[in-house]
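A.B. asks: All residue numbers for the sequence shown refer to the numbering used here, where the first residue is -16 and numbers rise by one.
For every residue, glycine included, the Cβ atom is placed at its ideal position computed from N, Cα and C.
Predicted model, so just to flag it, every value in this text is computed and none were measured.
Pasting a structure below so you can have a look.
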Amino acid sequence: MSKILRLSILGAGTVGGGVLTLLRENADLLEAQTGKRFEVRHVLVRNPDKPRAVAVPPKLLTTDPQRALCDPKVHVVLELMGGLEPARTLIRDALQAGKHVITANKLVMAVSGDELLRLARQRGVRLLYEASVAGSLPILDALQGALAGNRIQRAVGIVNSTTNFILREMERALDAGEPAETAYTNALQKAQQNGYAEADPTSDVEGYDAQYKTAILARLAFLQYVPLESVYREGITHLSGRDLLWARRLNMGLKLLSISERLPDGRLCARVHPTLIPRECPLYVVRGAFSGVWLQGNGFQEMSFHGFGAGARATASAVLGDLIAVARSPKPPRYEDPSLRPGETAPIESLSMRYFVRLVAPDEDALRTLREPLHLLGAEFHPAEALEQGVEQVALTPPVNEGAFQTQIARLREQPDATVQVIRLLSAV
Ligand SMILES: NC(=O)c1ccc[n+]([C@@H]2O[C@H](COP(=O)([O-])OP(=O)(O)OC[C@H]3O[C@@H](n4cnc5c(N)ncnc54)[C@H](OP(=O)(O)O)[C@@H]3O)[C@@H](O)[C@H]2O)c1
């Protein structure tokens, strides 16, 4: 590779803008660390006339992907557009053309990572994607580098900072004495006003974004291919302010967690769902628009990463890390990528865990009927409380099988005018 590393950047939005800024601000540092100067030759956008937070010299802007991909002088393509298509096709075309690719795109890497990583190896180029999981946190690099000598037992993360912001805002609203019933809707609106949530927040609040990141994280932590559809997904839309009030009373935090763990039978279980965590859990302090990942492994024991999971500069930091890695070692490893090996996955129904159950019924008689099956499981009950409408009671179960438990809960939900809220508790390893 020459002394100049030439780049095409696909996308000049939040992340693309952040990368352009850091490339300018840190040019001397990048050269000192790699012995190369980084030169941007093309910036692909949809609309070249759009006002941009970060100015792009007009001569670099293009709307023609082929111009950005086929320039023989370009060494590295940075895909920072987002979405499945045309991003996936452009990554594929860039690899075919013998360019290294760096992407921040979790959707593409979760859906087509296997095909693209194999293609990169065949073409003798690198495909790196640190920014696709937890923004600035160097978690993928750590798993493949400094921590690679460990057998990972569990990877637990707050990998979607939008939902973490919403849950924190719900807590703030409750502290300010606002009604629990409207806490979620108001917090979502605030996230949208602050630019943390999209106008259509489905990908974040329904857990899709965290599901993509979990598939990627689990592959690198457990060295097997994790198909996206094997990752259980549940979002935060069904949570109420009452759940957060109870979390606090129980001295716990309520987070949307990504959890991947190897089961005793060797299968891998990866999932995303709201989870109650004890105060001692390192992720308890990860609040607001932050991300965190807590790893447990048989050598280092445990380690946590905590920082900005999104945003222009924070995400650009991860992209630059990948860029430096390509500049230093442009050759892909000779061995087969262990994260592409097939392996068995287990559905969430095969797990046993503890549950928080919040029952609301119109009166004490109806509540008794709801309580009955939980009594039989040996659940511990907190005293019932009168609400404006009905009676509420909370129970914590001992560890029970998810499949059997959810069948029982589905039956309870058939009872007219009953609310049966169920939230999983994080188990000890
Ligand atoms: N934002 C974050 O904090 C963050 C954090 C981690 C990872 N990521 C990932 O980083 C990627 C980029 O996110 P972002 O927030 O920077 O997105 P964004 O602000 O919406 O920017 C997307 C950029 O791509 C361009 N673009 C989109 N579709 C295009 C097309 N078909 N042809 C040409 N240009 C196209 C847009 O052009 P115009 O400007 O002309 O519209 C825009 O410049 C995504 O994969 C995202 O998941 C983002």
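From what residue to what residue does the alpha helix (DSSP H) around Pro48 run?
C.D. replies: Translated into the one-based positions of the sequence shown, residue 48 becomes position 65. It spans Pro48 to Cys53 - the alpha helix (DSSP H) in which Pro48 sits, taken as one unbroken run.
A.B. asks: If we call anything under 8 Å between Cβ atoms a contact, is Leu78 one with Leu323?
C.D. replies: Here residue 78 refers to the residue found at position 95 when the sequence shown is read from its first residue. Here residue 323 refers to the residue found at position 340 when the sequence shown is read from its first residue. Result no, Cβ atoms of Leu78 and Leu323 do not sit closer than 8 Å.
A.B. asks: Would you call the region -11 to -3 and the region 7 to 16 in contact, with 3 or more CB pairs under 8 Å?
C.D. replies: Segments in contact, no.
A.B. asks: So within the region 87 to 122, which uninterrupted alpha helix (DSSP H) runs reach at least 4 residues, ignoring any that extend past its ends?
C.D. replies: 89 to 106
A.B. asks: For Arg396, count neighbouring Cβ atoms within 10 angstroms of its own Cβ and tell me buried if that reaches 16, exposed if not.
C.D. replies: Walking along the sequence shown from the start, residue 396 turns up at place 413. Sixteen is the threshold: since fewer than 16 other Cβ atoms of the shown chains lie within 10 Å of the Cβ of Arg396, the residue is exposed.
A.B. asks: Determine which residues share a DSSP beta bridge with Tyr195 and list them.
C.D. replies: Position 212 of the sequence shown holds residue 195. For Tyr195, which the question treats as bridged, DSSP gives no partner whatsoever.
A.B. asks: In whole angstroms, what separates the C-alpha of Thr220 from that of Gly(-1)?
C.D. replies: Walking along the sequence shown from the start, residue 220 turns up at place 237. Walking along the sequence shown from the start, residue -1 turns up at place 16. Rounded to the nearest angstrom, the two C-alpha atoms are 30 Å apart.
A.B. asks: Excluding sequence positions up to five away, which residues of its chain have a Cβ less than 8 Å from the Cβ of Ile307?
C.D. replies: Indexing the sequence shown from 1 puts residue 307 at position 324. So the list reads Leu13, Gln16 and Thr17, once near-sequence residues are dropped.
A.B. asks: Does the pairing of the region 264 to 284 with the region 137 to 151 give three or more beta-carbon distances under 8 Å?
C.D. replies: yes
A.B. asks: Do you know offhand how far Arg216's Cα is from Pro40's?
C.D. replies: As a working note, residue 216 is residue 233 in the sequence shown. As a working note, residue 40 is residue 57 in the sequence shown. C-alpha separation (whole angstroms): 42 Å.
A.B. asks: Would you tell me roughly how many angstroms separate the C-alpha atoms of Gln413 and Met92, rounded to the nearest one?
C.D. replies: Only positions -16 to 412 of the chain appear in the structure, and residue 413 is not among them; the question remains open.
A.B. asks: Can you tell me whether DSSP reads Leu206 as helix, strand or coil?
C.D. replies: Start at 1 with the first residue of the sequence shown, and residue 206 comes out as number 223. Leu206: coil per DSSP, three-state reduction.
A.B. asks: Could you give the first and the last residue of the continuous beta strand (DSSP E) run that contains Ala344?
C.D. replies: Counted from its first residue, the sequence shown places residue 344 at position 361. Where Ala344 is concerned, the enclosing beta strand (DSSP E) stretches over Tyr338 to Ala344.
A.B. asks: Quick check on Val462: does DSSP put it in helix, strand or coil?
C.D. replies: Here the chain has residues from -16 to 412 only, and residue 462 is not among them.
A.B. asks: Are Arg453 and Arg151 closer than 8 Å when you measure CB to CB?
C.D. replies: Coverage of the chain is limited to positions -16 through 412, which leaves residue 453 absent and any answer about it impossible.
A.B. asks: How would you write the range of the alpha helix (DSSP H) that Ser300 sits in, first residue to last?
C.D. replies: Residue numbering aside, residue 300 sits at position 317 when the sequence shown is read from its first letter. Where Ser300 is concerned, the enclosing alpha helix (DSSP H) stretches over Ala295 to Arg311.
A.B. asks: May I have a chain-ordered list of the alpha helix (DSSP H) segments no shorter than 4 residues that lie completely inside the region 194 to 269?
C.D. replies: 224 to 232
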